[in-house]
Amino acid sequence: MMLLALGVAASFGLFQAPSGPSFASRAPKGTLVIVGGGDIPPGAEKSFVEAARSGANHLVVIPSASASANEKPPDSWKKPFDGKVGSVSVLHAANRAQAMNKDFSTVLGKASAIWFSGGDQRRLESLYGGTPVESAIISLLERGGTIGGTSAGAAILSGTMITGGTNDPELGKGFNLLNRVIIDQHFSQRGREKRLAKAVLGHPDHAGLGIDESTAVVIRGRQIEVVGAGRAWWYTASEGKIAKASLGPGERDDLVRLHRAAFATKPVASGRPMIGKGAIMAVGGGGMGPEVAKKFIQLAGGNDATIVILPTAAPETSPVKQGEQAKSLLAKGGNARFKVLPSSKPLEVDSDEYLMAIASASGVWFGGGRQWRFVDAYEGTRFEASLRALLDRGGVIGGSSAGATILGEYLCRGGPLGNVEIMVPGYDRGFAYLKGVGIDQHFTQRKRFSDMERFTKARQDFLGIGIDEATALVVTPQGAEVLGPGKVHIYKGGKNTGIHASGEKVRLSP
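Sequence positions in the sequence shown follow the numbering used here and run 291 to 800.
Below, the structure is given as C-alpha cells:
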C-alpha cells in the first residue's frame, strides 16, 4: 500500500474509536463489486459473475439510475450478463408508488446478485430509499449475496452518499451497504479529490473511497482487492486534516484494518514493563516443555487451580482442536482444572457463562494462531475487562506465539493479511497486560532480529522482547526470569541490549 499525507495528524485522537467487535462488524457479509465508472474491468466482471453464480444463480439488474431506464427495453439491460449467469431479471419502478408495493421486490428475495447500472444516483435514492426494495437489497447482502454497481451504481452503496457538486459535495442518503464509507467515482479523471476530502472532513467518523475509472474495488467480507487500470483511494480525517492511502491493480488489504488504522488511537507506551499483582508468562511458540507448564500451573495456584484456555487466534474451523492441544501441553505441569472457551462471537464472549468462567479462574492461557483474531474477539468487551481483574486479584495470564504477543502493549505482527510485517497500523495495539513492550516470538528460529531492530528504532518508547520457541519469559512483581531451552532477546532504541538464557533474571525496567 502506498501511503500519502496531506498534513497527516500525529495521531487519530479526535475520534474515539468504537470497540473491536464494532470495527469487525463493518465488513459486509457478502460481496461488493464497486466500479468507478468507464469500462468495467474484466477482472471485476469475472469476480462479480463468479459470485453471482452461487446460491440461486439469479441476477437482478436495476437500471433505474439511467435517464433511459423507462424507454429502453428490459432485454437491453440483461445483455451484458446473458449466458454468464443462470438467469437474469430486470427490476425498474416507473415511480415510487410502484416501489412501495411489497410484491414488486419479491424477485430480490430469490436472487443471488444485484447489479446497479450507471446514471444519476439521486434517481435510485428517490425511487427506492425507504421502500421494500431497499430492504430487500440490504437483506440480499446480509444473507451473503453479491451486489455490484458502476458510477452512480457505486455511489448508492454508501450510506452518506455524494450526489453532486464539483469541489463542495452535495450529499444524500444511499443504501449503506458499505458501512461508514463515502464512495466517489470517476475519481482522478474528474478531479474529485477535494470533493471527497470535504465530504470526509464533514463526517470524520466515515472513511472516503475514491475509485478511478475502469477500476473496481472488490470486497469479499473484509478482504479488499483492486482490479483494473487505475487506483482506489482511502481518505480519513482527523483534527481537520486529511490522510490518504491508495491501492493499485492487484493490491489487497483488509477493510477492518483500514477502519482501525483510520480511527483507532495510535499505541503509545503507557507505563514501565512491570506488574504490581499477579504474573505474566509469554512463550515463544513451538511447543512447551514440562518445566514451563509446571511454572504456569504453580503461578495459577497448583493442582487446585482453574485455568481458562482461549484458542480464538486459531482459524475459525479449529479453535476447539487448538484448545485441546493447549490443554494437553499445560497438563504436563499439573492436574489443574481446565476450561476451553472457543467462541469469538461478541454476544457469546460477553455472556454470563464466559464472564463467570473468568471470575472463578486463577489463570488464563491465550493460544497460538493469528493475534488479530484476539483483538476482534475481545477488544472493548466486558470479557477483556474481566481478564484484567483476574490479574489484579493475583492470577496469571499467559500465552504462546500469538498468545504471547497479545500480552504486550504494542501488537507485533498483527496484520490480517500475513505475519511478515512487524508493524501493521490498525492492528498494532495489544492488551497491555505488560505495559511498554512489544513481544515477538519464534524469534531465533525465524530470524526476526532485524525486524525487532526496526521496530524499536521506529518506536523508541517501547521495549522489544524477542522470545525463542519453547522458551518463556515470566514476569511477577518480584521481577522477570527466563525458562526453557532458548533465549529471550531484549531490544531498545534499535539495538539488542541483552540476551538471556534459562534461569537468568531479566531487567525490563530501568
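Just so you know, even glycine gets a beta-carbon here, dropped at the ideal spot from N, CA and C.
- W523 places its beta carbon 8 Å or farther from that of G540.
- Per the Cβ contact rule, the segment 456–465 is not in contact with the segment 527–547 (fewer than 3 Cβ pairs under 8 Å).
- In the three-state DSSP reduction, Q475 falls in the coil class, being neither helix nor strand.
- Looking only at Q411, H549, M451, V490, the smallest Cα-Cα distance to R512 is reached by H549.
- Minimum Cα-Cα distance from L798 among the listed residues T396, A359, I565 corresponds to I565.
- Taking one beta carbon from each stretch, the segment 324–338 and the segment 438–457 have 3 or more pairs nearer than 8 Å; the two touch.
- In the three-state scheme derived from DSSP, where H, G and I count as helix and E and B as strand, N593 is classed as helix.
- For Q513, the uninterrupted beta strand (DSSP E) run begins and ends at 513–518, by DSSP.
- With 16 or more other Cβ atoms from the protein chains shown falling within 10 Å of its own Cβ, P715 counts as buried.
- In the structure shown, the three-state DSSP call for R672 is helix.
- Here the alpha carbon of K584 sits roughly 12 Å from the alpha carbon of G774.
- Per DSSP, the continuous alpha helix (DSSP H) segment holding L430 begins and ends at 422–432.
- When the beta-carbon positions are compared, A748 and V772 stay at least 8 Å from each other.
- The straight-line gap separating the alpha-carbon atoms of N391 and G419 is approximately 13 Å.
- Residue I780 holds the alpha-carbon nearest to the alpha-carbon of S740 among A760, F656, I780.
- Across the structure, A626 and R738 are spaced so that their CA atoms are roughly 35 Å apart.
- When DSSP reads this structure, T505 sits in a beta bridge with G518.
- L701 sits in coil when the DSSP states are folded into three classes, being neither helix nor strand.
- The C-alpha of A651 lies about 47 Å from the C-alpha of I473.
- Annotated three-state conformation of L349 is strand, per DSSP.
- The criterion of a C-beta distance shorter than 8 Å is satisfied by D543 and I514.
- For H790, the enclosing beta strand (DSSP E) starts and ends at 785–790.
- Cα atoms of A317 and F553: separation of roughly 15 Å, rounded to the nearest angstrom.
- Taking 3 residues as the shortest admissible run, the segment 601–646 contains the following complete beta strand (DSSP E) segments, listed from N- to C-terminal end: 627–630.
- Put simply, the segment 556–565 does not touch the segment 682–693. Fewer than three CB pairs are less than 8 Å apart.
- The beta-bridge partner set that DSSP reports for D543 consists of I514.
- Comparing alpha carbon positions, the residue from Q750, R703, G720, L707 closest to F733 is R703.
- D730: member of the beta strand (DSSP E) spanning 724–730, first to last residue.
- The Cβ atoms of L589 and M571 lie closer than 8 Å to each other.
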